[in-house]
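For the sequence shown, my numbering gives the first residue as 40, with consecutive numbering after it.
What follows is a short report on a single structure.
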Amino acid sequence: MAGNGARPDAHTDLLWMARALEMARAGAVRGEVPVGAVLVAEGRILAEAHNATVALSDPTAHAEVLVLREGGRRTGDWRLTNATLYVTLEPCAQCAGAIVLARIPRVVYGASDPKAGMAGSLGNLLQDPRLNHQSEVHGGVLAREAGVLLQTFFRERRKA
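Here it is, written out as structure tokens:
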């Protein structure tokens, strides 16, 4: 739950996930795998990004990592304990680890990722009780839209 005690409602989650989808679409236009993320604190966007692994030649430049980095810079703190992370695809192991390290209290994602998802599909690093932090996790928000975006992107890549 968010550090400010306010629990977002379903409408709020849809609003921010729609923005994350916009970011994912912007990434697709640039040839990136269409994953978008928005970091929200106190009802405002703290950071937003899409995958940039191709543009930056950086395998760690996933949307989630980029917004966590920017969120830390903007707040002056690596602990982002009052933020909610919205991401269009279930976080992978790298991103889930970064989320735990940043102490993100709440993660909302769109499409599940049965091959790499670490928020419940393949594993669940975000809620592993052996770690020093666990996040509240809500999956499936605008999952259909996020899934179609990814499927379309990869279908087009296979044609090329």
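Here a beta-carbon is modelled for each residue, glycine too, at the ideal position from N, C-alpha and C.
Note that the structure is a prediction, hence the values are computed from the model and not measured.
ask   = Looking only at DSSP bridge pairs, what is Thr123 linked to?
value = By DSSP's assignment, Thr123 forms a beta bridge with Val79 and Arg145.
key: Rounded distance between the beta-carbons of Glu175 and Arg197, thought under 8 Å   = Not a contact, Cβ separation roughly 36 Å.
inquiry  = Please identify the residue among Gln133, Val72, Pro47 and Val93 whose C-alpha is closest to the C-alpha of Val187.
reply    = Taking only the C-alpha atoms, the option nearest Val187 is Val72.
Inter-residue spacing [alpha-carbon to alpha-carbon] between Arg169 and Ala199 = Their backbone Cα atoms lie some 44 Å apart in a straight line.
ask   = What's the gap between the Cα of Thr123 and the Cα of Arg194?
value = Those two C-alpha atoms are separated by around 31 Å.
key: Assumed close pair Leu181, Ala135 - CB separation to whole angstroms, cut-off 8 Å   = The Cβ separation is near 20 Å, so there is no contact.
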